[in-house]
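Chain order of the listed sequences is A and B. Residue 133 in the numbering used here sits at position 133 of the first sequence; the count goes up by one each step and never skips. Take any residue in the second sequence, note its place counting from 1, add 1000, and you have its number in the numbering used here. Yeah, the Cβ is synthetic: ideal placement off N, Cα and C, and Gly gets one too.
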Amino acid sequence: MELVQSFPFITIVFSLTCGVFCAVLRGNRARTLCLSWLTVTFLMSLSVLLYTLKSDGYYIYRMGKWNAPWGNEIRVGVLEALMATAFSGVMLLSVLGGLNHIFEDCEAEKTNLYFTMISLLMSSLFALIYTNDLFTAYVFVEINTIASCALVMLKSSGKTLVATTRYLIMSLLGSGLFLLGIVMLYGITGELLMESIAEKVREIFASGEYSLPLTVIIGLFSVGLAVKSALFPFHSWLPDAHGSATAASSAVLSGLVLKGYIIVLIKIFYRIFGLSVIVSERVSNFLFLFGFLAMILGSVGALRERDLKRMLAYSSVAQVGYIYAGLGMHSQAGMVAACVQILAHAVTKPMLFIAAGGFMDVSGGNKDMASLTGAGRRDPLGGAAFTVGAMSMIGIPSFAGFMTKFTLTQGALQAHTPLMIMALAAIAVSTLLNALYYIPAVFTLFSRRDDGKYAGVRARYTPSYAGATVAFILLNLGFGVFSQAIVDAVSRGLAMFGA
Amino acid sequence: MVQLREFLTNLFANYYEAAAMILFGIGFTSLLMHRNLVKKIIGFNFMDSAIYLFLAAKGYITGRLAPIITDGNTDPRLYVNPIPTGLVLTGIVVSVSVTAFSLALTCRLYDKYHTLDIDEITYLARKERD
């Protein structure tokens, strides 16, 4: 076994350890430790990605060298390594970009705890990406929930506390359903490792027994994780939580945390049940329908919002809808589209939130569009980042978001007729709606007609904010330019993702 | 009629699991519907305990022993599977930490608004500027 094969395990465990150390260090030192560790995890994930691309296959890392039915496993393929690389890089950039806000919004003696939560969140995201064991997935889903709720309530105003409470309640409902699904599946199959469960599930399906319980279990997994990842009818908590948190928290929550749960759901679909079962149980139809509604109604919600951060949060609802629409398309191309969207949204939305944080700095801390008029001129770097993000969200070619719409359309064209029409209509309408709220927002941000209240204010750039926004812009353009390579990598990863 | 009788027989044969599902439903609805935050947290604990009851009931086989070998007898038919119990313990640890977190959050909300009613808190929070 080569050293690089242990990196996924090291990133998970040492992120937890880093969290523990941050809890006892003082603010500045915790920041240094956390940021340097995030850089190391990024480099490690990158080397794992290069290794999996070269070796062209997945490998299984057995914890403590226990063999299959009993041990706990990590399974690493191209897709997992790609997600981990993207997530750790985006996490690093988001924390860097929102660094000033963290120190402003947080009580001075508690800043180190913010970095503790970031480390725990990173650890749980890695674990959700890599794990091959259902119960481990549950435990890390709960760690993820606690860490992300703590990130929201860092700014201890009344609004964030209420938003956290609502977020926590919805998350607990979701994880309760998810746990019930795991326990019922364990009751039927007696296994926890995904491959072993898949084998038993195939036998059970062949024998024709337990067909109702299996449908219920698939439903519990889908609903539980859909609540946690804010799929359309369960999205009510998201705008409050993401709209009121500090810039780095909003960026991380919107860009990464929602995706962690979706990756678990894809894993369950692929490794445990297999795509054909998901289609024959008609679960994918429901996922597609709700994704379809989210794509349109999320954008409508964003269109009605006058508060920039809440508008971005509603746009996340729509973007999560794209992922679920891809999942629900019954086809390999739809799955590729869903995974590309996970990555594209992960590199785009944090940039928008970090830019929004920069605009608030030059507008007296306000985030309504009226106060933000002209903010893009006062903070040109943030303005550039926001413009690039908006272009990407609308789906202009050569930006990251274009590839999502392109692959999603490809997936739609392979589907059967009614679904194809619905999907194409949803993509068209949603793109139009995106343009309808992002373009006016960009125009307002660069408008010369600011009321003069903040006219003289100029952004004072810190190296971290400037570096993060520039890196985000380059990342987005790079994603757009090399999108074909990314789509190929995702397709290769998905081919080895299943059982 | 025959189907109903069969259904009821199955329900009574698996009374632990049936009770667990009913408790889960009670917990789920109180977590979702109750306005009082503490009652919501109690509902959450109901929900998780119901799942542990389900697991423990599934994991125990009447007449078998805990898998600790004392007299050298290694016949697996004598013992129960220890994994469900281990899962219950892990689950309890998770739900204890989540409960602690939610109680801490409730304390902060009570300090700020002097009420535990989530609707009232939402109303009060909406009125203030952030």
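Three-state secondary structure (DSSP) of residue i
i: B:N1045; result: helix
i: A:D307; result: strand
i: A:D368; result: strand
i: A:L99; result: helix
i: A:R460; result: coil
i: B:Y1060; result: coil
i: A:I74; result: strand
i: A:D133; result: strand
i: B:L1065; result: strand
i: A:D240; result: helix
i: A:N285; result: helix
i: A:I268; result: helix
i: A:Y51; result: helix
i: B:D1117; result: strand
Contact with chain A by residue i, beta-carbon distance below 7 Å
i: B:I1092; result: no
i: B:I1042; result: no
i: B:R1108; result: yes
i: B:A1125; result: yes
i: B:F1007; result: no
i: B:I1068; result: no
i: B:L1004; result: no
i: B:F1101; result: yes
i: B:M1033; result: no
i: B:L1105; result: yes
i: B:K1039; result: no
i: B:I1121; result: yes
Contacting residues, own chain, Cβ-Cβ under 6 Å from residue i (five flanking each side not counted)
i: B:S1102; result: I1041
i: A:L265; result: L225
i: A:L253; result: S148, H242
Option nearest residue i by Cα separation, candidates the options
i: A:I396; options: A:V139, A:G480, A:C339; result: A:G480
i: A:F504; options: A:K228, A:V162, A:A248, A:F178; result: Because chain A is modelled from 1 through 499, residue 504 of chain A falls outside the range shown and cannot be assessed.
i: A:V223; options: A:G456, A:I421, A:M170; result: A:M170
i: A:G19; options: A:A147, A:R306, A:G365; result: A:A147
i: A:L96; options: A:M351, A:A245, A:F286, A:E281; result: A:M351
i: A:S196; options: A:L289, A:R29, A:A68; result: A:A68
i: A:G484; options: A:G401, A:Y461, A:A415, A:T431; result: The sequence given here places Gln at residue 484 of chain A; Gly does not occur at that position. Of the listed residues, the one whose Cα sits closest to A:Q484 is A:G401.
i: B:A1018; options: B:L1031, B:L1053, B:L1089; result: B:L1053
i: A:S124; options: A:P418, A:R166, A:L258, A:Q410; result: A:L258
i: A:H235; options: A:I188, A:R202, A:G301, A:K200; result: A:G301
i: B:G1063; options: B:L1124, B:T1074, B:V1080; result: B:V1080
Short CB-CB distance (under 7 Å) between residue i and chain B
i: A:T165; result: yes
i: A:L372; result: no
i: A:V162; result: yes
i: A:E73; result: no
i: A:I12; result: no
i: A:I268; result: no
i: A:L154; result: no
i: A:I146; result: yes
i: A:K159; result: yes
i: A:E142; result: yes
i: A:L125; result: no
i: A:V347; result: no
i: A:L297; result: no
i: A:V183; result: yes
i: A:L53; result: no
The ligand SAH heavy atom lying under 6 Å from the CB of residue i
i: A:L212; result: Annotation note on the ligand SAH: not contained in the displayed structure, which lists no ligands.
Residue i versus residue j: straight-line alpha-carbon distance, rounded
i: A:G298; j: A:F232; result: 7 Å
i: A:L381; j: A:D368; result: 20 Å
i: A:L193; j: B:T1115; result: 45 Å
i: B:K1112; j: A:G158; result: 8 Å
i: A:L172; j: B:F1044; result: 7 Å
i: A:E191; j: A:I296; result: 40 Å
i: A:T116; j: A:S94; result: 15 Å
i: A:I394; j: A:A313; result: 15 Å
i: A:A325; j: A:G334; result: 8 Å
i: A:A385; j: A:A468; result: 10 Å
i: A:W70; j: B:A1050; result: 26 Å
i: A:A489; j: A:S244; result: 36 Å
i: A:S47; j: A:P463; result: 27 Å
i: A:L212; j: A:L475; result: 46 Å
i: B:Y1016; j: B:L1023; result: 11 Å
i: A:F205; j: A:G219; result: 16 Å
i: A:G57; j: A:M1; result: 15 Å
i: A:K267; j: A:M496; result: 12 Å
Residues of its chain near residue i, where Cβ-Cβ distance is below 7 Å and the 5 sequence neighbours each way are ignored
i: A:V487; result: V336, V340, M403, T407
i: B:N1036; result: L1116, D1117
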